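Encoded as structure tokens, the structure appears first; notes follow it.
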Amino acid sequence: MEFSHYAPLWGEALLTFLAVLVVLLGSLMKNSGKLMGYLSAAGLVVALGLVASNLTIKPALFFFDTISVDALSQFFKVVFLVVSLLVVIASLSRYTGKGAEEYYALLLFATVGMMVVSSSIDIVTLFVGFELASLSTYAMAAFDKSKKNLEAAMKYFIFGSVASAFMLFGLSLLYGMTGSTHLADIAAASLANFGPATLVALLFVIVGFGFKMALVPFHMWAPDTYEGAPPLVSALLAAGSKKMGFVAAFRVIIIALVALRMEWYMAFAILATVTMTLGNLAACWQNNVRRILAYSSIAQAGYIAIAFVVVGAAYGAAPVNVLNLGLVPADQLGIAGALLLILGHALMKTGAFIGTAQVSSMVSKGSETDPDDISNYAGLAKRAPITAFCMLIFMFALAGIPPTAGYIGKFVLFSSAIYSGLVWLAVIAILNSALSLVYYLRIISYMYLKEPAGPKMAEQKGYVVALVLTLLAVVWIGVFPDAFINWAMQAAAVLLPQ
Amino acid sequence: MISNVISLLIAIPLLGAVVSFFAGTKAKFVALIASLIPLALSLQMYMEFDKTSKLMQFVESYDWVPSLGVKYTVGVDGIGFPLVLLSTIVSVLVIIYSWGETKKPNQYFALLLLNEVGVLGVFTSLDFFLFYIFWEIVLIPMFFLIGSWGGPRKDYAAIKFFIYTHVASLVMLLAIFALYFTYQTPEGTRTFDMLTLLAATADKTIFPTGLLNIIFAGLLLGFLVKMPAFPFHTWLPDAHVEAPTAGSVVLAALLLKMGGYGLFRVIMPMLPSVDKAFVTIIAVIAVISIVYGAFMALAQKDIKKLVAYSSVSHMGFVTLGAVAFTWMSVTGAMFQQFSHGIITCVLFMSAGTIQHVVGTRVIADLGGLADRMPKFAVLMMAGFMASLGLPGMSGFVAEFMVLTGSYATLPSYTMFVVFLSVAITAAYHLWAMQKAMFGPILKKYMNVHEPHAYELFSMAMIIVLSLIFGIQPGLITDIMGTAATQVMEPVITLTQMGVI
């Protein structure tokens, strides 16, 4: 087999090689943290280019049909690479000293893990990718070694392990029943013959993924972890690794467990409603900005879970004229909406967490109070104008105000709910969007309307570059959404029978 | 003729907003230029405007998001154009009035220009999606104007304003989506085109009455909150009292008009197809707004709050005229929008000037100011007279047209308004004026002096405009008359609708 046969996987190969190189070079050279950061950034840019050159590739299978490079995997790989790149750029102002090379290596390994998950069509490969990403991020969550870090990392680790155990147990039942680890084979086996065992398997899979996606009531780890981990790591967790849970759940639940769709349809209808409502309500009562963002990210997971409900309701339905896209099945539209929301949310959340990282890095010097407390955001517009302005746009975007990336995913997703006859779900989701404005506006009013909590602060270059890049992407997607909608539609088609 | 004139109209203040944000203390000059160009453009449009045409004019249309059916379509007809003119005039005058602003002037003027962008966009958009974006954009500068330059309770007022009107906009958005998802073009595509969707609402096979009633109620709520009409007016007094003067002026003169514009553009074409009870509901809301607003104004201690409630009362005439559905009343209601838009500027400017010259707005603490500031007193007096409906000024013509027109179809409502509000309106204006400006001057105000020339200039310009349009209303009502005919084309009277 010649080398070029694996061209679609060069991105993963490059990053794996680079991660090892960063560890080796870092241990050989002194004070190489910054250099390793630049090296990682360059590697991520090249990997992004490699992935982007195969954006809407016809599904190509590798390694005994365990890895599939298709439009869906490429979509998620772009999301993961962009998030990692932005985090690395911001980290160049934060992680430069001793041990920094470990940080960059872990981040690269985590990215590779996420990329493997997005391509996996076999449950063992999927699990290996998942653990690669998870183990790397467990270590990253404790990277600053403060007490809070350790607590956050511990919680994240325990909950993550429990989730993995649930997931693995569910998947092992599936393997036991069907005799295959391949998703397509599991889908082809008639699961209904196995009676209640299939329901047990489904339950474990949903609980496992529920933890990973932070759906209520499996969300408890998320606020504590996002609050306690180093802020830039929180960005990677909320924007990157949580999205990994979604791509895995998409593949396992929509492809492999399609026969059980009437069962998971109900489960996700309840989970989605409860998650978005409780996420938004809880966010209103928080005083820690990172906790607010964590609950907002839980609420967003609730919106995204609507896609499962839509697929369950509309699977195999005849295509109808949707929006202006011509004849399209409603379930494809639903998945496309979820993908757009994932893309938009990944960018907005990366931006928002980088913003909090910037603030806490500026505030925490010589301060005893919690650097993420909302009181530290008072008058931020005067103290750090660029950060405050970017945060302002991210808040509006998260609330779904057009023309930003936030509205486009919601628009497509909620309209798919309408097309599949779930008007009630669309109305609940829109009312939730309205509710979410309460806490986003609270952050905005602190930043822009309160008297400054202290003197002007020096905004650090790495953070500013990352923030502005994210801002441009968020606005670009919102103003020219057409190409992104078409791309998401193509990616969504991968999950559905042709 | 300039091509793409409406896009220029919107783009220039937007550019101006960005430039003045970075212009530091020079921002006011940038803002003045960036608001004078749209004024010149809109006057040029006025010259070229075909007053007899019922079609959209100066139309521009480009694909924006083809996969969703969103287009960038702008154009004006007799409903929108007078308000475009109003927006460009008021924006210039409010920038001149604010010439002395020293607190963060770059942001202040940038926000005023951004506001102009938003309202011009609302009055010219012919695509519901675009319309909604501009509708929401307007909230942002106003939120910051109230929140950053406002009075003691500014945070509360800013957030209340934002949440209240945003929730109403969301209800409106739901209704827009219902229109969008129900109607399919003959080619099987979806569209946000306002005129197409509104025309389709007349078709009972596409929009059954039950569904249309719900859509209608959602849209109506969005517009009534913005107007604001009783009982959705509670955000307005708070926002006005805390807002800086320029914010109040823009809020009352332009933002409230967005609600009225929605009535004419969206509500009236749908009115013949919905449940007849809506006519009664809207008429009752209109009458209560007029009467309740007037009584509340009479009870206020703060002169700015008095003016705020007078806005509720005056905007009630717009609602009444629209729902009475005669040519006279609809034309009058459109004219009332324009007329109230200019007159209310001078009222809020008066309240603002009194606040910063004297240091209080409580009417009971004022007295005899005319002695020290005669020029200001003359202008304020003229403004108050215009507002209470002195013949010869625009307010009189507008309200007279509304009442005469409404009497034909809604006589009992109209009589109720005439008996209860006309005298009260005169009373609160005259009482406030008399108490604040006339009588013997209080000792503590001996050092009070005339306000700045630029403040007097803006007020004087408005009085002149009110006089011009009071004496020669045809300058603008010709356009509105054509629009009224066009709005009423499908069904001519309430009798034909089966309401009375």
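Order-wise, the sequence lines are chains R and Z.
Each residue of the first sequence is one higher than the one before, counting from 20 in this note's numbering.
Each residue of the second sequence is one higher than the one before, counting from 2 in this note's numbering.
Positions of the beta carbon are idealized from the N, C-alpha and C atoms, including for glycine.
Computed from a predicted structure; not experimentally measured.
When every heavy atom of the ligand GTP is checked, does at least one fall within less than 7 Å of the C-beta of R/A161?
-> You won't find the ligand GTP in this model; it holds no ligand whatsoever.
Hey, quick one: how far does the alpha helix (DSSP H) through Z/W136 stretch, first residue to last?
-> Its alpha helix (DSSP H) spans residues F129 to I138.
The beta strand (DSSP E) spanning Z/T125 covers which residue range?
-> Taken as a continuous stretch (DSSP letters only), Z/T125 belongs to no beta strand (DSSP E), being part of the alpha helix (DSSP H) at P106 to T125.
Any Cβ of chain Z within less than 8 Å of the Cβ of R/L344?
-> Put simply, the CB of R/L344 is near chain Z, with a gap under 8 Å to one of its CB atoms.
Rounded to whole angstroms, how far is the Cβ of Z/F193 from the Cβ of Z/V71, which I believe are closer than 8 Å?
-> With 8 Å as the limit, Z/F193 and Z/V71 qualify as a contact, their Cβ atoms being about 6 Å apart.
Check the Cβ of Z/G70 against every Cβ in chain R and list those closer than 8 Å, keeping chain order.
-> Near Z/G70 (Cβ distances below 8 Å), the residues of chain R are L342 and N343.
How do the stretch 111 to 118 of chain Z and the stretch 22 to 33 of chain Z stand: do at least 3 beta-carbon pairs fall below 8 Å, yes or no?
-> Contact between the stretch 111 to 118 of chain Z and the stretch 22 to 33 of chain Z is present: 3 or more CB-CB pairs across the two stretches fall below 8 Å.
Inter-residue Cα distance where the pair is R/A61 and R/S103 = If you take the alpha carbons of R/A61 and R/S103, they lie about 12 Å apart.
With DSSP as the reference, label R/A79 as helix, strand or coil.
-> Strand at R/A79.
For R/A216, go through chain Z and note every residue whose CB falls closer than 7 Å to its CB, in chain order.
-> From the beta-carbon of R/A216, no residue of chain Z is found nearer than 7 Å; the closest lies around 41 Å away.
Counted within 10 angstroms of its Cβ, other Cβ atoms place R/H238 as buried (16 or more) or exposed | Answer is buried; the Cβ neighbour count reaches 16.
Within chain R, partners of Z/L171 - CB distance below 7 Å | By Cβ distance, chain R contributes I449 and A453.
Please list, in chain order, all residues of the same chain as Z/L389 whose beta carbon is under 6 Å from its beta carbon, the five residues on each side excluded.
-> Exclusion of the five residues before and after Z/L389 leaves T426, A427 and H430 as the residues of its chain whose Cβ lies within less than 6 Å of its Cβ.
Which two residues bound the contiguous alpha helix (DSSP H) that contains Z/V71?
-> Z/V71 -> not in any alpha helix (DSSP H); beta strand (DSSP E) instead, spanning V71 to V77.
Verify whether the separation of the beta carbon atoms of Z/V313 and Z/H234 is less than 8 Å.
-> With respect to the 8 Å criterion, Z/V313 and Z/H234 are classified as neighbours on the basis of their beta carbons.
For chain Z, is any of its Cβ atoms less than 8 Å away from the one on R/I108?
-> So no, R/I108 is outside the interface.
Select from R/T292, R/K49, R/F95 and R/L454 the residue whose C-alpha is nearest the C-alpha of R/A418.
-> Minimum Cα distance to R/A418 is reached at R/L454.
Should Z/A268 and Z/S422 be called a contact, given that it needs their Cβ atoms to be closer than 8 Å?
-> The residue asked about is misnamed: residue 268 of chain Z is Ile in this sequence, not Ala. Pairing Z/I268 with Z/S422 gives a Cβ-Cβ distance that is not under 8 Å.
Count the other C-beta atoms from every protein chain shown that fall within 10 angstroms of the C-beta of Z/E490, then say buried if there are 16 or more, exposed otherwise.
-> Counting the other CB atoms within 10 Å of its CB gives Z/E490 a total below 16, which places it among the exposed residues.
Give the residues of chain R in contact with Z/G260, contact being defined as C-beta atoms less than 8 Å apart.
-> Under the 8 Å cutoff, chain R gives no residues; its nearest Cβ is about 19 Å from Z/G260.
According to the Cβ coordinates, are R/I76 and R/A90 closer than 8 Å?
-> Contact: yes.
Taking the alpha-carbon positions, what's the R/L279 to Z/L56 distance?
-> Straight-line Cα distance between these residues: approximately 56 Å.
List the residues of chain B that Z/D156 touches, going by C-beta distances under 7 Å, in chain order.
-> The structure shown contains no chain B; its protein chains are R and Z.
Rounded distance between the beta-carbons of R/K167 and R/W240, thought under 8 Å = Contact annotation, R/W240 with R/K167: C-beta distance approximately 15 Å; criterion of less than 8 Å not satisfied.
For R/I323, decide whether its Cβ has a neighbour in chain Z, counting only Cβ atoms nearer than 8 Å.
-> Output row for R/I323: interface = no.
Pick from R/T130, R/S23, R/Y25 and R/F95: whose alpha carbon is nearest that of R/A511?
-> The residue from R/T130, R/S23, R/Y25 and R/F95 with its alpha-carbon nearest to that of R/A511 is R/F95.
Check the C-beta distance from R/T130 over to R/L34 and give it rounded, since I have them as a contact under 8 Å.
-> The C-beta distance from R/T130 to R/L34 rounds to 6 Å, short enough to meet the 8 Å contact threshold.
Are R/I405 and R/V483 closer than 8 Å when you measure CB to CB?
-> In contact: R/I405 and R/V483 (Cβ atoms closer than 8 Å).
With a threshold of 16 other CB atoms inside 10 Å of the CB of R/V64, please say whether the residue is buried or exposed.
-> By the Cβ neighbour-count rule, R/V64 is exposed, with fewer than 16 other Cβ atoms within 10 Å of its own.
Are R/F503 and R/L362 closer than 8 Å when you measure CB to CB?
-> In this structure, R/L362 lies closer than 8 Å to R/F503 by Cβ.
Around the C-beta of Z/T103, are 16 or more other C-beta atoms found within 10 angstroms, so that it is buried, or is it exposed?
-> By the neighbour-count rule (16 or more Cβ atoms within 10 Å), Z/T103 is not buried but exposed.
Just the chain Z side, please: which residues come within less than 9 Å of R/P421 by C-beta, in chain order?
-> Those are F130, Y133, I134 and E137, listed as they occur along chain Z.
Secondary structure of Z/E102, DSSP reduced to three states | Secondary structure at Z/E102: coil, using DSSP grouped into helix, strand and coil.
Considering only the beta carbon of each residue, do Z/P67 and Z/S36 sit closer than 8 Å?
-> Taking 8 Å as the Cβ cut-off, Z/P67 and Z/S36 do not qualify as a contacting pair.
Supposed contact pair R/L251 and R/A109 - C-beta distance, whole angstroms, cut 8 Å = Correct: roughly 6 Å between the Cβ atoms.
Unbroken alpha helix (DSSP H) runs of length 4 or more, entirely within the stretch 81 to 146 of chain R: which are they?
-> The stretch 81 to 146 of chain R contains these whole alpha helix (DSSP H) runs: 90 to 110 and 119 to 138.
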